[in-house]
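With the numbering used here applied, the sequence shown covers 415 to 584.
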Amino acid sequence: MVPLDSTDWTQLRHAYGSAEDIPALLRQLRNFPDESNPQSEPWFSLWSALCHQGDVYPASFAAVPHLVAALQSDPTRATFSYFLLPACIEIARGERRIEIPSALEAPYFDALKLMPHLAAQAVSAGASVELCASALAASAAASGHVSLAALLIDVEPGDIDAVREWVLNR
Numbered sequence: 415m416v417p418l419d420s421t422d423w424t425q426l427r428h429a430y431g432s433a434e435d436i437p438a439l440l441r442q443l444r445n446f447p448d449e450s451n452p453q454s455e456p457w458f459s460l461w462s463a464l465c466h467q468g469d470v471y472p473a474s475f476a477a478v479p480h481l482v483a484a485l486q487s488d489p490t491r492a493t494f495s496y497f498l499l500p501a502c503i504e505i506a507r508g509e510r511r512i513e514i515p516s517a518l519e520a521p522y523f524d525a526l527k528l529m530p531h532l533a534a535q536a537v538s539a540g541a542s543v544e545l546c547a548s549a550l551a552a553s554a555a556a557s558g559h560v561s562l563a564a565l566l567i568d569v570e571p572g573d574i575d576a577v578r579e580w581v582l583n584r
């Protein structure tokens, strides 16, 4: 895992160039920031830089272990992006067959392996449909089921009943 205080972040790239800004954003995740507004920081900047319109970058793979470490500190405080961002990064990697830089590969996959367990800890009775869907999607992506993960993300909560009806009646 690339330490947050490492100068290696200046060499990693994201959607807007150098990833030197990413460690400060990742540090904020330890406090489980509010994300009730789509423009909320640090999530807005992390999404924009690390999974920009479905594109992922070396910094995306370096960030996932830190995101998962923040989630590990208290999964019960997780909001949906703790699961959704890693899921979307893995979906993009899998669908586009993007190679992970070798130095980032083991920490990235080790972090993904933790997602199903963390999802089980995070989702409890009364959890939002967004948290449930993103936790399930992260678990599916981590297990190599990228298409299932994408389906879980792509179906809007308001469309779940209609999709289920379509499946049952086809």
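Where is the CB? At the ideal position from N, CA and C, for every residue including glycine.
Check	Outcome
Closest residue to residue 456 among 420, 471, 440 and 423 (Cα-Cα distance)	440
Residue burial classification, residue 563 (beta-carbon count within 10 angstroms, cutoff 16)	buried
Euclidean distance between Cα positions of residue 415 and residue 480	8 Å
Alpha-carbon to alpha-carbon, residue 437 and residue 461	14 Å
Backbone CA spacing between residue 513 and residue 576 [nearest angstrom]	37 Å
Closest by C-alpha distance to residue 505, when choosing among 465, 492 and 519	465
Buried versus exposed call for residue 548 [16 or more other C-beta atoms within 10 Å across all chains shown]	buried
Ranges of the alpha helix (DSSP H) found wholly within the region 444-523, counting only runs of at least 4	457-464, 472-487 and 495-510
Exposed unless 16 or more other CB atoms sit within 10 angstroms - verdict on residue 522	buried
N-terminal and C-terminal residue of the alpha helix (DSSP H) that residue 599 is part of	Only positions 415 to 584 of the chain appear in the structure, and residue 599 is not among them; the question remains open.
CA-to-CA distance, residue 555 to residue 435, given in whole angstroms	27 Å
Cα-Cα separation between residue 568 and residue 424, rounded to whole angstroms	33 Å
Under the three-state DSSP convention, the category residue 432 falls into	strand
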